[in-house]
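One structure below.
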């Protein structure tokens, strides 16, 4: 499953109708959560029946396409099911108790409630919310796909406008020649990553670079009167700056991950728990700015697309062990050079990258014993023997058509 995104162009009244559809989907989801809270133990069928009762009770809910309401129920049920799953697994910390949504930004249709034009450059939403026909601005060509391949259509609101996403059931694999190269990656804050060959990728630090502009926009928001039109405009300008930084970080991770995957047949990296790492308040901003999660996400995506092997390994002691003799050399975070009694001296992160590659290769002995699921679709991660990933990689939402 791939996601194709266009920017939606319409009138102000149409944008207001999209906002109303998003609020309605949020209302349905919150009502379903409340129904579950009041009736513990109800199943998915009971939630669908309650949705039917909501459509009969509230005219504005009935005006939204029935499939869009069903998607809102599905989202609520996913939150409930995730909570129960976390409880059964007894994961440490919070279990993710379902919460009410305050600011939803999307509404999703299934196979009804919308219709593409003949030239496939506009889409018409035919439910009673009054959205109407929206022009699609983008470089994708939907003529490459059959209409029955489009499984869902999503309207998304962002700070810089509204977008239409098409979820298409299509293969996303490219046949490439083998390079015969293996590589291990150690991500960091000073450098974005250093590989087992000693190559370093600089850390762009997009948030740090744009922090001055963010502070300026945040001060403007604070100076405006609450509830005023000028405050809403200031909030939108602030949101645009945040959106630009997030896009820069995402595109950088995408570009670097693609280059790494295309240049190597086997890529090993750290299975980092970002949620735990950001608990260090001294490093939380820098860790979030680095974008390690996005980088790993795109590594797994391009690994499937180009048929490469990717594996996450436990990062424990990879910085402490000597990659030459295996002796443990304890180091603090301030010590950036690895110096072992055996005489081996190397950069701390370079030494860790070598250990990561060795650990990945030693899990099964050699590359030939790794197993890739031949039935895996283009949007799922490879199934790797010995990998300790928490879950498979999902679909990439905004892959550029040039990639």
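Numbering (this note's numbering), first residue to last: 130 to 532.
The beta carbon of each residue, even a glycine, is placed where N, CA and C say it ideally should be.
It should be emphasised that the depicted structure is a prediction, and the values quoted were computed from it without experimental measurement.
Beta strand (DSSP E) segment containing residue i, residue limits
i: residue 472; result: Residue 472 -> no beta strand (DSSP E), and no H or E assigned at all.
i: residue 290; result: 290-297
i: residue 397; result: 395-399
i: residue 251; result: 251-254
i: residue 264; result: 261-266
i: residue 478; result: Element bounds for residue 478: not the beta strand (DSSP E) but the alpha helix (DSSP H), 477-491.
i: residue 313; result: 311-316
i: residue 321; result: 320-324
Residues near residue i by beta carbon distance below 6 angstroms, same chain, minus five either side
i: residue 540; result: Summary: the structure shown does not reach residue 540, with the chain confined to residues 130 through 532, and so no result is reported for it.
i: residue 343; result: 370
i: residue 208; result: 227
i: residue 283; result: 235, 237, 294
i: residue 368; result: 288
i: residue 478; result: 315, 317, 323
Any C-beta of chain E under 8 angstroms from that of residue i
i: residue 217; result: As a matter of chain content, chain E is missing from the structure shown, which is built from one protein chain.
Nearest candidate by alpha-carbon position, reference residue i, set the options
i: residue 385; options: 426, 164, 354; result: 426
i: residue 321; options: 184, 288, 378; result: 378
i: residue 292; options: 148, 487, 363; result: 148
i: residue 151; options: 285, 444, 416, 373; result: 285
i: residue 334; options: 312, 376, 307, 155; result: 376
i: residue 440; options: 446, 130, 271, 487; result: 487
i: residue 366; options: 347, 380, 251, 244; result: 347
i: residue 402; options: 393, 396, 390, 416; result: 416
i: residue 131; options: 188, 281, 260, 217; result: 281
i: residue 432; options: 455, 398, 290, 249; result: 398
i: residue 412; options: 462, 312, 269; result: 462
i: residue 481; options: 308, 161, 181, 452; result: 452
i: residue 458; options: 465, 464, 450; result: 450
i: residue 256; options: 350, 197, 409; result: 197
i: residue 161; options: 363, 141, 182; result: 182
i: residue 471; options: 456, 312, 244, 446; result: 456
i: residue 143; options: 216, 264, 186, 362; result: 264
i: residue 454; options: 445, 303, 475; result: 475
i: residue 405; options: 314, 460, 484, 222; result: 222
Integer-rounded CB distance, given that residue j should sit under 8 angstroms from residue i
i: residue 301; j: residue 138; result: Between residue 138 and residue 301 the Cβ distance is about 27 angstroms, and since that is not below 8 angstroms, they are no contact.
i: residue 159; j: residue 212; result: Rounded, the Cβ-Cβ distance is 16 angstroms, inconsistent with contact.
i: residue 297; j: residue 133; result: 6 angstroms
i: residue 332; j: residue 353; result: Actually they do not touch by this definition, with Cβ atoms about 35 angstroms apart.
Residue i - DSSP class collapsed to helix/strand/coil
i: residue 405; result: helix
i: residue 122; result: The question about residue 122 has no answer, for the chain in this structure spans 130 to 532.
i: residue 466; result: strand
i: residue 133; result: strand
i: residue 384; result: helix
i: residue 215; result: helix
i: residue 138; result: strand
i: residue 280; result: strand
i: residue 192; result: coil
i: residue 440; result: strand
i: residue 450; result: strand
i: residue 330; result: strand
i: residue 507; result: Caution is warranted here: a pLDDT of 35 is assigned to residue 507, below 50, making its placement in the model unreliable, and no coordinate value can be reported.
i: residue 285; result: strand
i: residue 456; result: coil
Extent of the continuous alpha helix (DSSP H) run through residue i
i: residue 413; result: 413-419
i: residue 161; result: 141-167
i: residue 228; result: Element bounds for residue 228: n/a, residue is neither H nor E.
i: residue 235; result: From DSSP, residue 235 is part of no alpha helix (DSSP H) but of the beta strand (DSSP E) over 235-238.
i: residue 350; result: 335-352
i: residue 177; result: 173-186
Other residues of its chain near residue i: CB distance less than 7 angstroms, five sequence neighbours each side excluded
i: residue 497; result: Any reading at residue 497 needs caution, since the residue's pLDDT is 35, under 50, leaving its predicted position unreliable; the model's value is listed next. Nothing meets the Cβ criterion.
i: residue 189; result: 153
i: residue 606; result: The structure shown does not extend to residue 606, since the chain is modelled only from 130 through 532, so no value can be given for it.
i: residue 382; result: 420, 423, 424, 427
i: residue 136; result: 266, 267, 290, 292
i: residue 140; result: none
Same chain, Cβ closer than 8 angstroms to residue i, neighbours up to 5 away in sequence not counted
i: residue 165; result: 171, 176, 205, 209, 227
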